Amino acid sequence: MRTAALYGTLGSLVLSGLTGIPVAAAPALVPGGVAEARGVAVAAAQAAAAGIDFGACPAVEQLPSTVECGTFSVPLDYAHPGGRHIRLTVSRARAQGSARQGALVLNPGGPGGNGMFYPLVARLPAWRNIADAYDIIGYAPRGVGRSAPLSCADPASYIKGPTQAPEHPSAAYKKERIAEARAYAQGCARKAGSSLRHFTSLNNARDLDVLRAALGEQKLTYMGASYGTYFGALYATLFPGHVRRMVFDSVVNPDPRKIWYGNNLEQSAAFERRFGDWRRWVARHDSVYHLGRTPQQVLGSYEKVSRRLSRRAAGGNVGPAQLQGAFLKSGYSDSYWARDARALAAFLHGDEAPLLALAAPDAASAWAAENENAVYTAVECNDASWPRSWSVWNRDNDRLAERAPFETWSNAFMNLPCAYWQGPRQRPADIRADRRAGLPPTLLLAAERDAATPYKGALELQRRLARSSLVTERGAGNHGIGAGPNTCVNRYLDNYLVGGELPARRVYCGPRPEPRATA
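Numbering-wise, the sequence shown is residues 268 to 786 according to our numbering.
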């Protein structure tokens with residue numbers, strides 16, 4: 268985007284004795300060992316005893332006084348819980364109603380997404396019922412923000428512009444990007460050292476159980492979006508008896524054969540479809556934007572701007588890659604559609620200010636951007652065995668770019684450090700929870716035309732999690748649909764999180780209204 272054994276008698280006694288939760292056997296489908304399982308039990312017991320000392324948030328978090336912050340401790344290596352620990356940051360907005368149900372832990376995805384802002388959603392109307400019932404908990408996973416931050420390169424050079432983004436790159440350009448990928452992988456290894464191998468999805472799931480215990484929760488209520496669905500599903504596989512309620516919003520395909528190389532190829536193909544959705548919308552509103560009356564004509568306008576930027580960067584730092592990166596956001600949410608169309612139209616009429624506003628590299632956010640990418644890279648490269656042969660990457664992405672040029676090679680180059688990654692790779696877990704596992708009913712949310720996490724990922728996760736229900740937003744492609752503008756989706760979400768009511772196995776909601784075409 269990014270060991271099989273029992274906990275053992277000692278771990279079972281420690282965790283069940285201090286937290287009140289009986290420990291079930293860890294499924295044999297999850298890589299790891301008895302040492303890691305015992306380490307989670309020990310760390311969770313310690314966290315339950317220590318709790319979290321919430322207080323005023325540091326200024327760097329830029330959170331209002333209504334939000335509290337704290338930290339909790341996790342082992343860097345769960346196989347050695349008595350060894351080095353790292354502290355992860357947590358934020359909280361207390362439940363606003365009188366009938367509090369506990370804490371709801373939220374994760375925005377990534378890997379590398381920082382969820383410290385999440386308590387702010389308590390102010391939004393769509394979250395009102397949920398915020399009345401739950402403390403809203405955000406946190407920064409390991410490596411993110413102030414949680415033992417990872418870095419692989421100089422932030423200033425990471426966001427530099429202008430840069431190119433050829434849809435069908437030459438052999439010379441590919442050679443340059445291979446060198447950059449090698450250097451980035453080496454930078455990760457050099458800066459993080461031996462700790463790098465411990466930034467994985469499995470450890471993110473284990474950290475989530477320690478957070479549950481630190482919050483004083485007997486069982487976890489959790490809502491994860493995008494990548495948050497993947498390690499949330501790992502949690503459901505590892506700790507089915509520790510789950511109260513779980514929501515998976517915009518679901519990563521958990522098939523081990525897709526983690527992560529295959530998922531990225533399918534993602535690139537899906538972004539081509541969403542880019543087409545945007546072009547069709549713009550063409551229908553040609554009277555507003557004058558970018559073309561057909562999707563092909565709109566594409567011609569986009570390519571015209573890209574060629575101009577290749578010859579002369581806007582503002583000195585916005586080239587084709589910055590244009591493509593900004594317009595990629597329209598694949599995530601149609602709330603960007605009008606903004607992007609306005610910027611493209613303005614540029615073609617001699618006004619580059621709107622394009623600079625949405626695409627220019629932001630020096631103020633350079634550190635956060637590089638940190639997010641470092642965590643993304645480390646987790647996805649550690650999680651699975653990626654192709655090490657450049658010929659495989661070259662063949663697969665050249666073929667895909669013939670029918671899906673918009674995102675294919677940009678996505679490939681972003682992930683290419685995994686071909687040159689140093690250190691061990693894990694075997695992806697075979698996520699499953701049948702009725703015998705004891706996992707409570709769970710709720711899946713997905714949009715049919717989601718590009719970042721294509722819809723068949725939701726179908727695959729539902730197949731793997733017994734007693735799960737899937738709410739589908741038809742004909743829509745927004746990434747992250749829970750507590751958004753679709754009242755049908757929100758009704759199912761509220762009924763589940765607040766009332767514990769699950770819909771039928773498969774239910775459908777109509778799409779949200781299309782965005783307005785504003786000049």
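Yeah, the Cβ is synthetic: ideal placement off N, Cα and C, and Gly gets one too. These figures come from a predicted structure and were not determined experimentally.
* **Cβ pair count under 8 Å reaching 3, the region 360 to 376 against the region 389 to 405** => Touching, per the Cβ criterion.
* To do: State the Cα-Cα distance for the pair L566 and A771, rounded to the nearest angstrom.
  => For L566 and A771, the distance between alpha carbons rounds to 41 Å.
* Asked: How should G337 be labelled, buried or exposed, when 16 other C-beta atoms within 10 angstroms of its C-beta is the threshold for buried?
  -> By the 10 Å Cβ count, G337 comes out buried.
* Measure the C-alpha to C-alpha separation of R560 and R609 and round it to an integer number of angstroms. => One Cα belongs to R560, the other to R609, and the distance between them is close to 15 Å.
* Alpha-carbon to alpha-carbon, S632 and I426 -> Taking the straight line from one Cα to the other gives about 9 Å.
* Can you grab the Cα-Cα spacing for the pair A317 / R773, in whole Å? => Distance between the alpha carbons of A317 and R773 is about 42 Å.
* Please classify D601: does DSSP put it in a helix, a strand, or coil? => In the structure shown, D601 falls within a helical segment according to DSSP collapsed to helix, strand and coil.
* Asked: Are three or more beta carbon pairs between the region 416 to 432 and the region 652 to 670 nearer than 8 Å?
  -> The region 416 to 432 vs the region 652 to 670: no contact.
* **Residues bridged to Y406 (per DSSP)** => Answer by DSSP bridge pairing, in chain order: V357.
* Asked: Per DSSP, R773 forms a beta bridge with which residues?
  -> According to DSSP, R773 bridges with L737.
* Using a threshold of 8 Å, state whether the C-beta atoms of T467 and V646 are closer than that. => Yes. Within cutoff.
* Please name the residue in C419, V572, R541, R758 whose C-alpha comes closest to that of F716. => For clarity, residue 716 is Arg in the given sequence; the question names Phe instead. Ranked by how close their Cα comes to the Cα of R716, the residues C419, V572, R541, R758 have R541 in first place.
* Asked: Do you know offhand how far R473's Cα is from A686's?
  -> If I take the Cα positions, the gap works out to 27 Å.
* What is the rounded straight-line gap between the Cα of S461 and the Cα of A784? -> Answer to the nearest angstrom: the Cα atoms are 52 Å apart.
* Is E781 helix, strand or coil when you go by DSSP? -> Three-state DSSP puts E781 in coil, outside helix and strand.
* **Whether V585 touches A627 by CB criterion (8 Å)** => Result yes, Cβ atoms of V585 and A627 sit closer than 8 Å.
* Taking the CB atoms as reference points, tell me whether E264 and E674 lie closer together than 8 Å. => Residue numbering for the chain in the displayed model covers 268 to 786; residue 264 lies beyond these limits and cannot be assessed.
* Asked: By how many angstroms is the C-alpha of L706 removed from the C-alpha of A733?
  -> Near 8 Å, if we compare the C-alpha coordinates of L706 and A733.
* Kindly give me the distance between the Cβ atoms of P695 and I526, rounded to whole angstroms, as I take these residues to be in contact under 8 Å. => At roughly 4 Å, the Cβ-Cβ gap stays under 8 Å, so P695 and I526 are in contact.
* CB of F789 within 8 Å of CB of L711, strictly -> A query on residue 789 cannot be resolved here, the shown segment of the chain reaching from 268 to 786 and no further.
* Write down the C-beta distance between V756 and G747 rounded to the nearest angstrom, noting that I regard them as a contact closer than 8 Å. => Contact check for V756 and G747: beta-carbon distance about 11 Å, past the 8 Å limit, so the pair fails to qualify.
* Proximity of E639 and G306 at Cβ, strictly below 8 Å -> No.
* To do: Measure the CB-CB distance between R464 and N682 and report whether it falls below 8 Å.
  => At least 8 Å separates the beta-carbon of R464 from that of N682.
* **F680 versus S332, D522, P433, residue with shortest Cα-Cα distance** => Out of S332, D522, P433, P433 has the C-alpha closest to the C-alpha of F680.
* To do: Buried or exposed for A620, please, with buried defined as at least 16 other CB atoms from any protein chain shown within 10 angstroms of its CB.
  => Result: exposed.
* To do: With distances taken Cα to Cα, identify the nearest neighbour of A635 among L417, M490, A315.
  => Checking every option, the nearest Cα to that of A635 belongs to L417.
* For P342, which three-state DSSP category applies? -> In the three-state reduction of the DSSP assignment, P342 falls in the strand class, which pools E and B.
* To do: Report the residue from Y775, G690, G777, D697 whose alpha carbon sits nearest the alpha carbon of T457.
  => Per the sequence presented here, residue 457 reads as Arg, with Thr not at that position. If you compare the alpha carbons of Y775, G690, G777, D697 with that of R457, the shortest gap goes to G690.
* Sorted by chain position, which residues of the same chain lie with C-beta nearer than 6 Å to R354's C-beta, five sequence neighbours on each side aside? -> Closer than 6 Å at the Cβ level, and outside the excluded window around R354, lie T338, S340.
* **Residues near G543 in its chain [Cβ-Cβ closer than 7 Å; skip 5 each side]** => Once the five neighbours on either side are set aside, the close Cβ partners of G543 are P562.
* Asked: Are the beta-carbon atoms of V357 and L475 separated by less than 8 Å?
  -> Taking a C-beta distance under 8 Å as the contact criterion, V357 and L475 do not qualify as a contact pair.
* Beta-ladder partner(s) of Y490, from DSSP -> The residue asked about is misnamed: residue 490 is Met in this sequence, not Tyr. According to DSSP, M490 bridges with L373, V514.
* Considering L712, what are the terminal residues of the alpha helix (DSSP H) in which it resides? -> DSSP places L712 outside any alpha helix (DSSP H); the residue lies instead in the beta strand (DSSP E), whose first and last residues are 709 to 714.
* To do: If I'm right that V334 touches R359 with Cβ under 8 Å, what's the distance once you round it to whole angstroms?
  => Going by Cβ atoms, the distance from V334 to R359 rounds to 7 Å, so yes, they are a contact pair.
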